[in-house]
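Numbering of the sequence shown is given in the numbering used here, commencing with residue 331 and proceeding in unit increments. Note that beta-carbon positions come from the ideal geometry of N, C-alpha and C, so glycine has one too. Here the structure is a predicted model, which is why all the values come from computation and not from measurement. These notes concern the structure reproduced below.
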Amino acid sequence: MDLDLSEEQKLIQDTARDFAKAELEPVAAKLDQEKDRPTLLANLKKLAELGFMGLNVRDEYGGSEAGVVSFSVAMTEIARACASTAVTVSVNNMVCEVIQAIGSEEQKTKYIPKICSGEYPAGSFGLTENCAGSDPSGMGTTATKDGDSYVLNGSKIFITSAPYAGVFVVWAVTDKEAPKGRGISCFLIEAGTPGLTIGKEEHKMGQHASATNELIFDNCRVPATALMGKLNDGFRIAVAELAGGRIGIGSLGLGIGLAAMDYAAKYANERVQFNQKISNFQAIQWMIADSYTELEAARLLLMNAAFRKEQGRPYAKEASMAKMYATESANRACYNALQMLGGYGYTQDFPIERYARDARITTIYEGTSEIQRLIISREILRGLAA
């Protein structure tokens with residue numbers, strides 16, 4: 331059993347860490363407080379040039395072919411500095427991977443290189459709806475065949491990077507008579523397509539620099555060639571790709587948790603109360619010990635899920651375990667870090683309050699912790715019944 335990273339994986343980890351320290355960390359607070367999108371987009375372009383937008387994408391489409399483990403460690407390092415940047419990178423990689431997995435050759439060569447190179451600052455997923463969050467099979471957006479076109483009507487919510495995305499992967503009902511979840515198809519829709527409107531931006535608790543918007547489809551006509559994969563097979567695709575996305579979000583959560591505890595542990599080693607460093611107190615030591623132990627366990631769960639995916643082995647249960655545990659551990663770590671800083675941790679003069687806000691959403695998007703528990707238990711029970 332070899333738990334060490336390969337030389338290539340270490341290089342990617344080091345490159346991500348160095349870039350995050352030099353370019354992301356100094357501007358993270360400004361991005362958060364001012365929603366400084368020009369700086370965010372400039373940094374996304376630099377990350378694209380370094381190869382971070384297609385880490386598990388083949389070279390022929392402009393990707394890095396570095397694999398899922400490399401993607402996970404890179405996400406962790408980027409998220410240590412700026413969660414808003416990290417979530418955009420994660421979604422971009424997901425969009426590239428789903429196009430690579432089920433897109434036509436024309437779709438692959440047209441869209442993936444544009445995301446990998448940074449020509450498109452981002453790609454977006456259009457899955458969640460007002461009445462279809464944890465239950466995406468209940469979506470209401472429709473795509474009706476009309477000659478050699480499909481006409482989409484409906485709306486999506488909570489769409490990451492919508493205002494600056496170059497292309498959207500959108501799911502819509504194409505067979506209203508099919509059983510729930512069976513009549514859904516997947517489409518690639520370019521930004522600026524008539525009938526597609528970017529709706530209101532959400533005012534969020536955290537990850538402020540990452541735009542989250544509504545998508546509105548009003549008789550949005552796309553060519554039949556916009557269909558990606560098989561007709562009425564889109565829900566299966568969505569479920570499969572969300573499993574991979576959970577590795578990215580779990581890694582993102584891990585990065586936030588590590589950043590919070592690194593800052594708090596250093597603070598505790600310098601802060602003096604009762605004539606000694608507060609790191610001498612058992613209460614503080616136990617917070618440090620518990621949080622770092624949980625975060626290390628999360629890292630190992632993520633590495634296991636990433637390795638299994640990279641090897642082409644089943645990984646849905648492992649990805650759900652990793653995502654649930656990593657994101658919940660990150661939230662606990664941020665809470666402990668804030669407690670260690672006391673009143674200072676609650677102020678914007680210190681980064682802990684931003685980490686705590688940024689970490690909170692990680693237990694919700696890409697599948698809530700409750701949904702992860704359902705997936706895990708179902709997989710275990712299915713195995714016992716076999």
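Would you identify the three-state DSSP class for residue i, choosing helix, strand or coil?
{"i": "Phe-488", "result": "strand"}
{"i": "Glu-532", "result": "coil"}
{"i": "Val-481", "result": "strand"}
{"i": "Val-387", "result": "coil"}
{"i": "Lys-510", "result": "coil"}
{"i": "Thr-418", "result": "helix"}
{"i": "Lys-560", "result": "coil"}
{"i": "Asn-460", "result": "coil"}
{"i": "Gln-603", "result": "strand"}
{"i": "Leu-526", "result": "strand"}
{"i": "Gly-496", "result": "strand"}
{"i": "Pro-443", "result": "helix"}
{"i": "Glu-696", "result": "coil"}
{"i": "Glu-544", "result": "strand"}
{"i": "Leu-335", "result": "coil"}
{"i": "Lys-365", "result": "coil"}
{"i": "Gly-574", "result": "helix"}
{"i": "Phe-382", "result": "coil"}
{"i": "Thr-474", "result": "strand"}
{"i": "Ala-452", "result": "strand"}
{"i": "Phe-611", "result": "coil"}
{"i": "Arg-643", "result": "coil"}
Does the separation of the CB atoms of residue i and residue j fall below 8 angstroms?
{"i": "Lys-486", "j": "Thr-471", "result": "yes"}
{"i": "Phe-547", "j": "Asn-483", "result": "yes"}
{"i": "Thr-406", "j": "Leu-374", "result": "no"}
{"i": "Glu-571", "j": "Val-428", "result": "yes"}
{"i": "Arg-687", "j": "Met-469", "result": "no"}
{"i": "Trp-616", "j": "Ala-568", "result": "no"}
{"i": "Gln-437", "j": "Met-558", "result": "yes"}
{"i": "Val-497", "j": "Gly-453", "result": "yes"}
{"i": "Ser-717", "j": "Ser-540", "result": "Because the chain spans 331 through 716 in this model, residue 717 falls outside it and cannot be assessed."}
{"i": "Phe-517", "j": "Ala-473", "result": "yes"}
{"i": "Gly-583", "j": "Ala-660", "result": "yes"}
{"i": "Glu-532", "j": "Thr-542", "result": "yes"}
{"i": "Ser-420", "j": "Gly-575", "result": "yes"}
{"i": "Ala-416", "j": "Ile-408", "result": "yes"}
{"i": "Ala-556", "j": "Asp-478", "result": "no"}
{"i": "Ala-404", "j": "Tyr-450", "result": "no"}
{"i": "Leu-361", "j": "Leu-370", "result": "yes"}
Our contact map puts residue i next to residue j with C-beta atoms below 8 angstroms; I'd like the distance itself, whole angstroms only.
{"i": "Ile-682", "j": "Ala-594", "result": "7 angstroms"}
{"i": "Ile-586", "j": "Lys-653", "result": "The Cβ separation is near 14 angstroms, so there is no contact."}
{"i": "Ala-636", "j": "Ile-706", "result": "Wrong, their Cβ atoms sit about 17 angstroms apart, outside the cutoff."}
{"i": "Leu-625", "j": "Leu-671", "result": "In fact, because the Cβ distance is near 18 angstroms, the residues do not count as touching under 8 angstroms."}
{"i": "Ala-598", "j": "Ser-609", "result": "4 angstroms"}
{"i": "Gly-448", "j": "Glu-379", "result": "6 angstroms"}
Is residue i close to the ligand FMN? I mean its beta-carbon at under 7 angstroms from any heavy atom of the ligand.
{"i": "Tyr-391", "result": "Looking at this structure, you won't find the ligand FMN or any other ligand, since it has none at all."}
Should residue i be labelled buried (16 or more other beta-carbon atoms within 10 Å of its own) or exposed?
{"i": "Ile-710", "result": "exposed"}
{"i": "Tyr-676", "result": "exposed"}
{"i": "Ser-336", "result": "exposed"}
{"i": "Pro-356", "result": "exposed"}
{"i": "Pro-368", "result": "exposed"}
{"i": "Arg-410", "result": "buried"}
{"i": "Arg-703", "result": "exposed"}
{"i": "Val-602", "result": "exposed"}
{"i": "Glu-658", "result": "buried"}
{"i": "Ala-668", "result": "Checking the sequence, you will find Leu at residue 668 rather than Ala. It counts as buried."}
{"i": "Thr-490", "result": "buried"}
{"i": "Lys-639", "result": "buried"}
{"i": "Gln-430", "result": "buried"}
{"i": "Leu-354", "result": "buried"}
{"i": "Asn-605", "result": "exposed"}
{"i": "Leu-630", "result": "exposed"}
Is any beta-carbon of chain C found at less than 8 angstroms from that of residue i?
{"i": "Lys-596", "result": "Among the chains in the structure shown there is no chain C, since it carries only a single protein chain."}
Closest by CA to residue i, which one among the options?
{"i": "Arg-643", "options": "Met-591, Ser-609, Ala-573, Ile-614", "result": "Ala-573"}
{"i": "Cys-412", "options": "Val-399, Asn-605, His-538", "result": "His-538"}
{"i": "Ala-663", "options": "Phe-604, Gln-678, Met-591, Asp-366", "result": "Met-591"}
{"i": "Arg-708", "options": "Ser-659, Glu-648, Tyr-695, Ala-656", "result": "Glu-648"}
{"i": "Glu-700", "options": "Gln-678, Ser-650, Val-602", "result": "Ser-650"}
{"i": "Ala-352", "options": "Asp-334, Lys-376, Met-331, Gln-363", "result": "Lys-376"}
{"i": "Ala-521", "options": "Pro-493, Ser-540, Asp-478", "result": "Pro-493"}
{"i": "Gly-697", "options": "Tyr-674, Gln-669, Ala-646, Ile-528", "result": "Ala-646"}
{"i": "Ala-656", "options": "Asp-334, Ala-715, Arg-638, Asn-634", "result": "Asn-634"}
{"i": "Asn-423", "options": "Pro-524, Arg-712, Thr-458, Gly-381", "result": "Gly-381"}
{"i": "Gly-392", "options": "Val-403, Ala-404, Asp-362, Tyr-441", "result": "Tyr-441"}
{"i": "Ser-394", "options": "Tyr-685, Leu-354, Ala-495, Ile-445", "result": "Ile-445"}
{"i": "Gly-529", "options": "Cys-516, Leu-545, Tyr-685", "result": "Leu-545"}
{"i": "Arg-512", "options": "Pro-553, Thr-490, Asp-563, Ser-491", "result": "Asp-563"}
{"i": "Val-399", "options": "Arg-712, Asp-334, Thr-693", "result": "Asp-334"}
{"i": "Asp-465", "options": "Tyr-480, Cys-550, Phe-565, Ser-479", "result": "Phe-565"}
{"i": "Tyr-695", "options": "Ser-434, Tyr-450, Thr-458", "result": "Thr-458"}
{"i": "Gln-363", "options": "Ala-715, Ala-689, Gln-678", "result": "Gln-678"}
{"i": "Pro-443", "options": "Val-425, Phe-455, Gly-456, Ile-432", "result": "Val-425"}
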